[in-house]
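K.L.:
Here's a structure for you.
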Amino acid sequence: MHELGITQSIVEIALRTAAGQQAKKIHSVTLEVGSLAGVVAEALEFCYEACSQDSLLEGSVLIIEEIQARARCRDCAAEYPLTDLLACCPVCNSAASDLVCGEEMRIKEMEID
Amino acid sequence: MCIDCGCGPSGHDHQHKETEAPRKTISVEEDILSKNNRLAAGNRALFARQGIFTLNLVSSPGSGKTSLLEKTLVDLKNEINFAVLEGDQQTTNDADRIAATGTPAHQINTGAGCHLDAHMVGHGLEHFDLETIQMMMIENVGNLVCPASFDLGEDFKVTLLSVTEGEDKPLKYPPLFRDSEIMLIN
Ligand SMILES: Nc1nc2c(ncn2[C@@H]2O[C@H](COP(=O)(O)OP(=O)(O)O)[C@@H](O)[C@H]2O)c(=O)[nH]1
Ligand SMILES: [Mg+2]
Ligand SMILES: [Zn+2]
Numbered sequence: 770m771h772e773l774g775i776t777q778s779i780v781e782i783a784l785r786t787a788a789g790q791q792a793k794k795i796h797s798v799t800l801e802v803g804s805l806a807g808v809v810a811e812a813l814e815f816c817y818e819a820c821s822q823d824s825l826l827e828g829s830v831l832i833i834e835e836i837q838a839r840a841r842c843r844d845c846a847a848e849y850p851l852t853d854l855l856a857c858c859p860v861c862n863s864a865a866s867d868l869v870c871g872e873e874m875r876i877k878e879m880e881i882d
Numbered sequence: 133m134c135i136d137c138g139c140g141p142s143g144h145d146h147q148h149k150e151t152e153a154p155r156k157t158i159s160v161e162e163d164i165l166s167k168n169n170r171l172a173a174g175n176r177a178l179f180a181r182q183g184i185f186t187l188n189l190v191s192s193p194g195s196g197k198t199s200l201l202e203k204t205l206v207d208l209k210n211e212i213n214f215a216v217l218e219g220d221q222q223t224t225n226d227a228d229r230i231a232a233t234g235t236p237a238h239q240i241n242t243g244a245g246c247h248l249d250a251h252m253v254g255h256g257l258e259h260f261d262l263e264t265i266q267m268m269m270i271e272n273v274g275n276l277v278c279p280a281s282f283d284l285g286e287d288f289k290v291t292l293l294s295v296t297e298g299e300d301k302p303l304k305y306p307p308l309f310r311d312s313e314i315m316l317i318n
């Protein structure tokens, strides 16, 4: 359950960004989370509500956009969506691949006044 | 361009209602783990400067990380200068076991924490004379899930799997296995 620590980072970045913009209110914070980032959206939402209390973030909405992981085959260079972590290349059936994306966890944007 | 709503440069062809608070969307594009990643990069640079090769050992509790370290240290201590950072929620049992082999060891207790992070490791390193160390072994908190997301600044992540855990564990907990450069079956 490291979602709490991750949420504290989200709150820290969001409040710092809002202060830099002299925001009076934060309506929403949008995250981009890779399907392999290893966080549970429900747990993030739960922690967010708790961590945003008594701050400019209170009452704001956390929007989580999932980024589907993609892999590139080391043998034939085909790129394919990685729905199953141990999936093989759909072109040549090789199991050797490198991750193209899917582990990211970032704040994309915020809606503020 | 309207700074309130971000509409295009082609003139303002709509009104913002007086009563409606002006909302604007600002792009942030900041990595949520950026603090950990920045500290991990600092650790990595420190290891490189001191010529220290570093492994991050991860596994379920009880797979044999400390036992493997004890054996390795006893077998190789005349060839390589080791140091060991131990991570557990509580107790100094593992650091005591390592110290008994004659290797410098420091215990990090994470309390409620389920993994080591780069910040804890950075402070853990303050307990060693890095000049004299060639290889740093970091034993992470026993957990097959959370340590996957936290770079500590290591050269390689090593996942241990003991056979009694069941052969399907890489299927059940794939991220950590996928993230590791080395996997050992104990
Ligand atoms: N049978 C057997 N037991 C082992 C082996 N390696 C470790 N153990 C035992 O497994 C238990 C947990 O080992 P430990 O090294 O503390 O695991 P850690 O929690 O991953 O550090 C201890 O009682 C060890 O003596 C092994 O290769 N074979
Ligand atoms: Mg141990
Ligand atoms: Zn292929």
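Quick note, the sequences are listed as chains A and B, same order. Read in order, the letters of the first sequence correspond to residues 770 to 882 in the numbering used here. Read in order, the letters of the second sequence correspond to residues 133 to 318 in the numbering used here. Even glycine gets a Cβ: it sits at the ideal position worked out from N, Cα and C.
How many whole angstroms separate the CB atoms of L293(B) and M315(B), which I take to be in contact at a CB cut-off of 8 Å?
P.N.:
Residue 293(B) sits at position 161 when you count from the first residue of the second sequence. Residue 315(B) sits at position 183 when you count from the first residue of the second sequence. Indeed, because the Cβ distance is near 7 Å, the residues count as touching under 8 Å.
K.L.:
Here's the rule I'm using: 16 or more other beta-carbon atoms within 10 Å means buried, otherwise exposed. How should C137(B) be labelled?
P.N.:
Position 5 of the second sequence holds residue 137(B). Because the pLDDT of C137(B) is 39, which lies under 50, any placement of that residue in the model is unreliable, and the number read from its coordinates should be weighed accordingly. Exposed.
K.L.:
Is T799(A) near ligand 2, judged by its Cβ being under 6 Å from some heavy atom?
P.N.:
Locating residue 799(A) in the first sequence gives position 30, where the first residue counts as 1. Outside the cutoff, so no.
K.L.:
Give a yes or no on whether the minimum CB-CB distance between P279(B) and chain A is below 7 Å.
P.N.:
The residue you call residue 279(B) lines up with position 147 of the second sequence. Closer than 7 Å: no.
K.L.:
To the nearest angstrom, how far is it from the Cα of I881(A) to the Cα of E161(B)?
P.N.:
In the first sequence, the residue the question calls residue 881(A) occupies position 112. In the second sequence, the residue the question calls residue 161(B) occupies position 29. The straight-line gap from Cα to Cα measures roughly 15 Å.
K.L.:
Just by C-beta distance, which residues in the segment 154 to 177 of chain B are closer than 7 Å to chain A?
P.N.:
Answer set for the segment 154 to 177 of chain B: P154, R155, K156, T157, I158, S159, V160, E161, E162, D163, I164, L165, K167.
K.L.:
Checking 7 Å against the spacing of the C-beta atoms, do S192(B) and G274(B) come in under that value?
P.N.:
Sequence index remark: in the second sequence, residue 192(B) carries index 60 (1-based). Sequence index remark: in the second sequence, residue 274(B) carries index 142 (1-based). Yes.
K.L.:
Determine whether the Cβ of P236(B) lies closer than 7 Å to any Cβ atom of chain A.
P.N.:
Indexing the second sequence from 1 puts residue 236(B) at position 104. P236(B) does not count as touching chain A.
K.L.:
Under the rule that 16 or more other beta-carbon atoms within 10 Å means buried, what is S863(A), buried or exposed?
P.N.:
Against the first sequence, residue 863(A) aligns to sequence position 94. When all chains shown are included, S863(A) counts as exposed.
K.L.:
Identify each residue in the segment 863 to 880 of chain A for which the Cβ-Cβ distance to at least one residue of chain B is less than 9 Å, and report them in chain order.
P.N.:
Of all residues in the segment 863 to 880 of chain A, L868, E872, E873, M874, R875, I876, K877, E878, M879, E880 have a Cβ within less than 9 Å of some Cβ in chain B.
K.L.:
Closer than 8 Å by beta-carbon distance: list the chain A residues that pair up with L303(B), in chain order.
P.N.:
As a working mapping, residue 303(B) is identified with position 171 in the second sequence. Result: L855.
K.L.:
Please list, in chain order, all residues of the same chain as S142(B) whose beta carbon is under 6 Å from its beta carbon, the five residues on each side excluded.
P.N.:
The residue given as residue 142(B) occupies position 10 in the second sequence. Model confidence at S142(B) stands at a pLDDT of 48, short of 50, so the residue's coordinates are unreliable and nothing is read from them.
K.L.:
Can you list, in chain order, the residues of its chain whose CB lies under 7 Å from that of G254(B), leaving out five sequence neighbours each side?
P.N.:
The sequence position of residue 254(B) within the second sequence is 122, counting from 1. For G254(B), where only same-chain residues beyond five positions count, the Cβ hits under 7 Å are L171, G174, N175.
K.L.:
Helix, strand or coil: how does DSSP classify V802(A) here?
P.N.:
Residue numbering aside, residue 802(A) sits at position 33 when the first sequence is read from its first letter. Strand.
K.L.:
In or out: V808(A) buried (at least 16 other Cβ within 10 Å) or exposed?
P.N.:
Locating residue 808(A) in the first sequence gives position 39, counting from the first residue. The residue is buried, with at least 16 neighbouring Cβ atoms inside 10 Å.
K.L.:
Please name the residue, chosen from A180(B), G245(B), L257(B), G194(B), that lies closest to L217(B) on a Cα-to-Cα basis.
P.N.:
Position 85 of the second sequence, counted from the start, is the residue given in the question as residue 217(B). The shortest Cα separation from L217(B) among A180(B), G245(B), L257(B), G194(B) belongs to L257(B).
K.L.:
Does H259(B) pass the burial test, meaning 16 or more other C-beta atoms within 10 Å, or should it be called exposed?
P.N.:
Numbered from its first residue, the second sequence carries residue 259(B) at position 127. H259(B) comes out exposed.
K.L.:
Who does P293(B) pair with in a DSSP beta bridge?
P.N.:
Here residue 293(B) refers to the residue found at position 161 when the second sequence is read from its first residue. Looking at the sequence itself, residue 293(B) is Leu, so the reference to Pro does not match. I317(B), per the DSSP bridge assignment.
K.L.:
Is there a Cβ from chain A that is less than 7 Å from the Cβ of P306(B)?
P.N.:
Counting from 1 along the second sequence, the entry for residue 306(B) is found at position 174. When Cβ-Cβ separations below 7 Å define contact, P306(B) makes contact with chain A.
K.L.:
Taking all protein chains shown into account, decide if G871(A) is buried (16 or more other Cβ within 10 angstroms of its Cβ) or exposed.
P.N.:
As a first step, residue 871(A) is located in the first sequence; it is residue number 102 there, counting from the start. Here G871(A) is buried, its C-beta having at least 16 other C-beta atoms within 10 Å.
K.L.:
When you compare the CB of R181(B) with every CB in chain A, is at least one pair closer than 7 Å?
P.N.:
In the second sequence, counting from the first residue as 1, residue 181(B) sits at position 49. Not an interface residue.
K.L.:
What does a CB cutoff of less than 6 Å around I317(B) pick up in its chain, not counting 5 residues either side in sequence?
P.N.:
Locating residue 317(B) in the second sequence gives position 185, where the first residue counts as 1. L293.
K.L.:
Which residues in chain A have a C-beta closer than 7 Å to the C-beta of H247(B)? List them in chain order.
P.N.:
Stepping through the second sequence from its first residue, residue 247(B) is reached at position 115. Those are H771, listed as they occur along chain A.
K.L.:
So, at 7 Å on beta carbons, what are the nonlocal neighbours of T224(B) in its own chain, with the 5 sequence-adjacent residues on each side left out?
P.N.:
What you label residue 224(B) is simply residue 92 of the second sequence in a count that begins at 1. Only Q239 meet the Cβ criterion.
K.L.:
Given this structure, state the Cα-to-Cα distance separating G196(B) from R843(A), to the nearest angstrom.
P.N.:
Sequence index remark: in the second sequence, residue 196(B) carries index 64 (1-based). Sequence index remark: in the first sequence, residue 843(A) carries index 74 (1-based). In a straight line, the C-alpha of G196(B) is about 33 Å away from that of R843(A).
K.L.:
Can you list, in chain order, the residues of its chain with a C-beta nearer than 6 Å to that of E211(B)? Leave out the 5 residues immediately preceding and following it.
P.N.:
Position 79 of the second sequence holds residue 211(B). So the list is empty, once near-sequence residues are dropped.
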